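Residue numbering for the sequence shown follows our numbering, beginning at 1 and increasing consecutively. We put the CB at the ideal spot given by N, CA and C, even for glycine. From a predicted model like this one, the values you see are computed outputs, not experimental measurements. First the structure, in the form of structure tokens, and then the observations on it.
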Amino acid sequence: MNRLWYLIGVLLVLAGLVHLGVFVVDGGPWEGAVSWRKPFTFGVSFGLSVLSLTWVSQFVRLRARPLLLGAFAGASTLEVALITVQAWRGVPSHFNMETAFDATVARTLAAGGGVLIAIAITMTIAAFRPNPDVPPSMRLAVRAGFATLLAAMAFGAVMIARGVIEVVTGNQQLAYSVATTLKPAHAVFMHGVLLLPALSWLLSRTLLQEAARLRWVRLATWLYVTVAVAVSALALAGITVVTPSTASILCAAAVSGLGIAALALGTLKAPSGGRDRRTTGCRGSPRDNLTRSAGIPPHPECENAAASPRVRECRLPQSAGMPTPTDANAAINMLRAGRAWAKLWSGEKPLPPSERRSHCYPLAL
Numbered sequence: 001m002n003r004l005w006y007l008i009g010v011l012l013v014l015a016g017l018v019h020l021g022v023f024v025v026d027g028g029p030w031e032g033a034v035s036w037r038k039p040f041t042f043g044v045s046f047g048l049s050v051l052s053l054t055w056v057s058q059f060v061r062l063r064a065r066p067l068l069l070g071a072f073a074g075a076s077t078l079e080v081a082l083i084t085v086q087a088w089r090g091v092p093s094h095f096n097m098e099t100a101f102d103a104t105v106a107r108t109l110a111a112g113g114g115v116l117i118a119i120a121i122t123m124t125i126a127a128f129r130p131n132p133d134v135p136p137s138m139r140l141a142v143r144a145g146f147a148t149l150l151a152a153m154a155f156g157a158v159m160i161a162r163g164v165i166e167v168v169t170g171n172q173q174l175a176y177s178v179a180t181t182l183k184p185a186h187a188v189f190m191h192g193v194l195l196l197p198a199l200s201w202l203l204s205r206t207l208l209q210e211a212a213r214l215r216w217v218r219l220a221t222w223l224y225v226t227v228a229v230a231v232s233a234l235a236l237a238g239i240t241v242v243t244p245s246t247a248s249i250l251c252a253a254a255v256s257g258l259g260i261a262a263l264a265l266g267t268l269k270a271p272s273g274g275r276d277r278r279t280t281g282c283r284g285s286p287r288d289n290l291t292r293s294a295g296i297p298p299h300p301e302c303e304n305a306a307a308s309p310r311v312r313e314c315r316l317p318q319s320a321g322m323p324t325p326t327d328a329n330a331a332i333n334m335l336r337a338g339r340a341w342a343k344l345w346s347g348e349k350p351l352p353p354s355e356r357r358s359h360c361y362p363l364a365l
């Protein structure tokens, strides 16, 4: 199902970029309740949110993960579709009660926002549950990211509530200006769920020690939260250098841009630590000796390590009887395999035939 959610996220981003092109060709106002800016910003932002949650939710223990992601992707698609329809009709999408159709669209958008908030709360609670399978640095990044997403949703709820109050009291035009003031606060918190886990993932491919990664993630989290709180305080005080709509776009672009850059650098960077799956044991290692003692022939790929592209650093030092691991995680993997083969050697528990084909174990930490 992940492919479907990723596809939906990409399509939403593309839809937003298409409307940026429409704005460039057609022109029209950048600010205001009726602008091509709205389908552009909502499409890109919701698309990135769907992509981010699909990826980050893999680090969270969720029993109903497909259901939650499907609901989030569906609600996001509905929000973008209705905003786009209203933009092409040339009427406001939010707080518009002029006709029965416009009122239905406005209420549906508000209900969709409620669904998104409920999903964000559910995922945030799940992120704070213990999960020893995830490294501490990534756990911190995921938890902080979901917490900032929840803050963004809270600001969004306040914006909708203030606008609805003005509409109910008969000040529909005032509703647009009142809700707009909190846009920077909403935007600056929105994509922390992408930025912080992406940074942690990048560090996992560049730093060997988990303690160092945790320190960097903790520092990045505090810096990000400090900047976001400062932007929110300025928005609440009504202090802006540019218009709220432009400020919100700049904030969202800066945060999401840094997150995308971290993912790109991590993709280009060779894995570090326990992610190198090419590192294996070698002929003459304790695992090899245990294998031969148990009467299990070695795999042909391990007989000639130099000719195998899957085996790296598979040599014994002249002064020691132990192979040199390429990193600490390789040594850990070697010890684990050694214990498993020791049990086999002592006759404690035989291995199934599927595991007797080779004594070479790529890292799977």
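*Would the beta-carbon of Leu-12 fall within 9 Å of that of Val-44?*
yes
*Mind checking which residues open and close the alpha helix (DSSP H) that includes Arg-61?*
Per DSSP, Arg-61 belongs to no alpha helix (DSSP H) and is neither H nor E.
*CA-CA distance, Trp-201 and Val-134?*
11 Å
*How far does the alpha helix (DSSP H) with Gln-172 in it reach, from first residue to last?*
172-180
*Cβ of Pro-39 within 9 Å of Cβ of Gly-74?*
no
_Per-residue DSSP class, three states only, for Val-188_ = helix
*Start-to-end residues for the alpha helix (DSSP H) that takes in Ile-249*: 244-268
_Reference Leu-149; option with closest CA among Phe-189, Ser-137 and Ala-264_ = Phe-189
*asked:* Rounded to whole angstroms, what is the Cα-Cα separation between Ala-228 and Ala-185?
replied: 7 Å
_Collapsed DSSP secondary structure at Ser-204 in the structure displayed_ = helix
*How about the region 157-176 and the region 229-247: do they share at least three Cβ pairs that are nearer than 8 Å?*
no
*Going by CA-CA distance only, name the one from Val-80, Lys-269, Leu-194 and Thr-181 that's closest to Gln-58.*
Leu-194
*Just the C-alpha distance for Gly-70 and Gly-112, rounded to the nearest angstrom, thanks.*
13 Å
*Give the straight-line distance between the Cα atoms of Leu-7 and Thr-77, rounded to the nearest whole angstrom.*
12 Å
*Could you check where the alpha helix (DSSP H) with Ala-211 kicks off and where it finishes?*
210-237
_Short of 8 Å in beta carbon distance, which residues of its chain neighbour Cys-251, apart from the five on each side in sequence? Order them along the chain._
Pro-184, Ala-187, Val-188 and Val-231
*Met-1, buried or exposed, once every other Cβ within 10 Å from all chains shown has been counted against 16*: exposed
*asked:* Between which two residues does the alpha helix (DSSP H) holding Pro-135 run?
replied: Unbroken run through Pro-135: none, as it is neither H nor E.
*asked:* My parser needs the beta strand (DSSP E) runs of 3 or more residues fully inside the region 23-107; what are they?
replied: none
_Report the CB separation of Glu-31 from Ser-245 in whole angstroms; it is logged as a contact under 8 Å._
6 Å
*What do you get for Ala-247, buried or exposed, if any count of 16 or more other CB atoms within 10 angstroms of its CB means buried?*
buried
*What residue from Ala-175, Val-158, Phe-42 and Ala-126 has the CA that sits closest to Leu-68's CA?*
Ala-126
*Cβ neighbour criterion (16 or more within 10 Å) applied to Thr-221*: buried
*Exposure of Phe-46, with buried meaning 16 or more beta-carbon neighbours within 10 Å*: buried
*Determine the direct distance from the alpha carbon of Leu-116 to that of Gly-259, and round the result to whole angstroms.*
22 Å
*asked:* Quick check on the burial criterion: 16 or more other C-beta atoms within 10 angstroms. Buried or exposed for Arg-61?
replied: exposed
*Can you say whether Arg-213 is buried or exposed, counting buried as having 16 or more other CB atoms within 10 angstroms of its CB?*
buried
*Thinking C-alpha only, which one of His-94, Thr-122, Ala-87 and Leu-48 is nearest Arg-63?*
Thr-122
*Measure from the alpha carbon of Leu-223 to the alpha carbon of each residue in Leu-265, Ala-144, Val-34 and Ala-154, then state which is nearest.*
Ala-144
*Note down the Cα distance separating Thr-151 from Thr-206, rounded to an integer number of angstroms.*
In the sequence under discussion, the amino acid at residue 151 is Ala, which differs from the Thr named in the question. Distance between the alpha carbons of Ala-151 and Thr-206: 30 Å.
*My understanding is that Thr-108 touches Leu-82, with C-beta atoms under 8 Å, so please give their C-beta distance in whole angstroms.*
6 Å
*asked:* With the cut-off set at 9 Å, would you say Ala-103 and Val-34 are in Cβ contact?
replied: no
*State buried or exposed for Arg-139, treating a residue as buried only when at least 16 other CB atoms are found within 10 Å of its CB.*
buried
*Does the beta carbon of Gly-43 fall short of 8 Å from some heavy atom of the ligand NAP?*
No copy of the ligand NAP occurs in the structure displayed, which carries no ligand at all.
*Whole angstroms is fine: what's the gap from Asp-26's alpha carbon to Thr-243's?*
22 Å
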